[in-house]
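Residues in the sequence shown are numbered from 3 upward in steps of one, following the numbering used here. Remarks on the structure that follows.
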Amino acid sequence: FQAEDGIRDLVRSRGLGDVYKRQIKYLSKAVPNLKAKKILDYACGSGFYMDYAQKKGATVVGIEFDKDFAALLRQKTKLKIFSKEEFQEEYKNCYFDIIHIGHILEHLPNPTELLEFLKTYATAHTLFLIDGPLDKNACISRWLIDLFSRIRNRKEKLMAPQHLSLTNRKSQRLFLEQNGLQIQSFYIKEQAFPLPAAFSKSLKNNLLYLFARFSIFFSGIVPAWGNIFHAKAKIHQINKLRTNTKLKRGT
């Protein structure tokens, strides 16, 4: 892995680049003016989200899982990216205007623990912007993948699962609400991944790409169908003394 991969994919708009583009598009829709906003990006990866927000005038901080990995990302992106432990030390008693959680909840054995941790850096006005997959939601392209797997008698993959929790639109909303978030908006969209996101020299890939485009088109007609979600929320109940607290350090 190279830290530039995410931004390179974003520019090319191929493969996983679609994941990045959609998160940025939702950010620009949810918060059109990012100037002077203070943003915490948990599981920031390559820093593509931070890079965009910083260019729009925001102060950005990112968290990644490993100290050495965070150091590599800082070196390559010049962004303020820290491990969780480093962040806790550097940003004590600090609060953010926006907290972004992008495609990470589904990878965690205890996502509730993460939300409780991030709430300690939120005020009554903090926006939580959350993006992620809906692995169990109605989706034509996923039905196609499952059908082909059954036809080829490949019901199981010989690899460790990356997503530990599989949700649909109802269960995902319920999870966020039961963990103290008041949802302001909840959008369901569809991305091409894991099908191809562009034409290539392969006939098979081109057919799959066309099917992915049809699936995306259909999900636009039926809003409840799709394989990813974007949510905007605030903490339902919070100590009002935090409301006017400013970000104190690391700006």
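Backbone N, C-alpha and C fix where the C-beta goes; we use that ideal spot for every residue, glycine too.
Exercise. For Lys250, which of helix, strand or coil comes out of DSSP?
Worked result: As a first step, residue 250 is located in the sequence shown; it is residue number 248 there, counting from the start. Only weak support exists for where Lys250 lies, its pLDDT of 47 falling under 50; the value from the coordinates is given anyway. In this structure, Lys250 counts as coil in the three-state DSSP scheme.
For this session: Please list, in chain order, all residues of the same chain as Tyr189 whose beta carbon is under 6 Å from its beta carbon, the five residues on each side excluded.
Result: For the purposes of this step, residue 189 is taken as residue 187 along the sequence shown, with counting starting at 1. Residues His232 of the same chain have their beta carbon placed closer than 6 Å to that of Tyr189, with the five preceding and five following residues left out of the count.
Problem set entry | C-beta atoms of Tyr44 and Ile101 nearer than 8 Å | In the sequence shown, residue 44 corresponds to position 42, counting from 1. In the sequence shown, residue 101 corresponds to position 99, counting from 1. Yes.
Problem set entry | Segment contact flag, the stretch 175–189 with the stretch 113–131, C-beta cutoff 8 Å, min 3 pairs | They touch, by the three-pair rule.
Exercise. Going along the chain, which residues of its own chain have a beta-carbon closer than 8 Å to the beta-carbon of Thr128, five neighbours each way excluded?
Worked result: As a working mapping, residue 128 is identified with position 126 in the sequence shown. So the qualifying residues of the chain are Tyr97, Phe98, Asp99, Ile100, Ile101, Lys236 and Ile237.
Exercise. Can you find a heavy atom of the ligand FMN that lies under 7 Å from the Cβ of Leu136?
Worked result: The ligand FMN is absent from the structure shown, which contains no ligands of any kind.
Exercise. Which same chain residues, not among the five before or five after Ser187, have their C-beta less than 6 Å away from its C-beta?
Worked result: Here the question's residue 187 lines up with position 185 in the sequence shown. Within the same chain, Ser187 has close Cβ partners Lys234.
Exercise. Sorted by chain position, which residues of the same chain lie with C-beta nearer than 7 Å to Val21's C-beta, five sequence neighbours on each side aside?
Worked result: Indexing the sequence shown from 1 puts residue 21 at position 19. Correct list, in chain order: His105, Gln193 and Phe195.
Exercise. For Gln180, which three-state DSSP category applies?
Worked result: By one-based count along the sequence shown, residue 180 stands at place 178. Reduced to three states, the DSSP call for Gln180 is helix.
Exercise. What is the DSSP secondary structure of Lys203, counted as helix, strand or coil?
Worked result: The sequence position of residue 203 within the sequence shown is 201, counting from 1. Three-state DSSP puts Lys203 in coil, outside helix and strand.
Exercise. How is Ala72 classed by DSSP in three states: helix, strand or coil?
Worked result: Your numbering for residue 72 matches position 70 in the sequence shown. Residue state, collapsed to three classes: helix.
Exercise. Candidates Leu36, Trp145, Trp227 and Phe89: which alpha carbon is nearest Gly254's?
Worked result: What the structure shows of the chain is the stretch from 3 to 253, and residue 254 is not part of that stretch, so it cannot be assessed.
Exercise. Can the beta-carbon of Lys138 be found closer than 8 Å to that of Leu168?
Worked result: Position 136 of the sequence shown, counted from the start, is the residue given in the question as residue 138. Position 166 of the sequence shown, counted from the start, is the residue given in the question as residue 168. Yes, these two residues count as a Cβ contact at 8 Å.
For this session: Spell out a yes or no on whether the stretch 135–153 and the stretch 216–224 are touching, meaning 3 or more CB-CB pairs, one atom from each, closer than 8 Å.
Result: The answer is yes - the stretch 216–224 touches the stretch 135–153, with three or more Cβ pairs under 8 Å.
For this session: Could you check how far apart the C-beta atoms of Phe130 and Ile103 are, in whole angstroms? I think they sit under 8 Å.
Result: The count along the sequence shown starts at 1 and reaches residue 130 at position 128. The count along the sequence shown starts at 1 and reaches residue 103 at position 101. That pair is a contact at about 7 Å.
Exercise. Does DSSP classify Ala233 as helix, strand or coil?
Worked result: The residue given as residue 233 occupies position 231 in the sequence shown. Strand, per DSSP.
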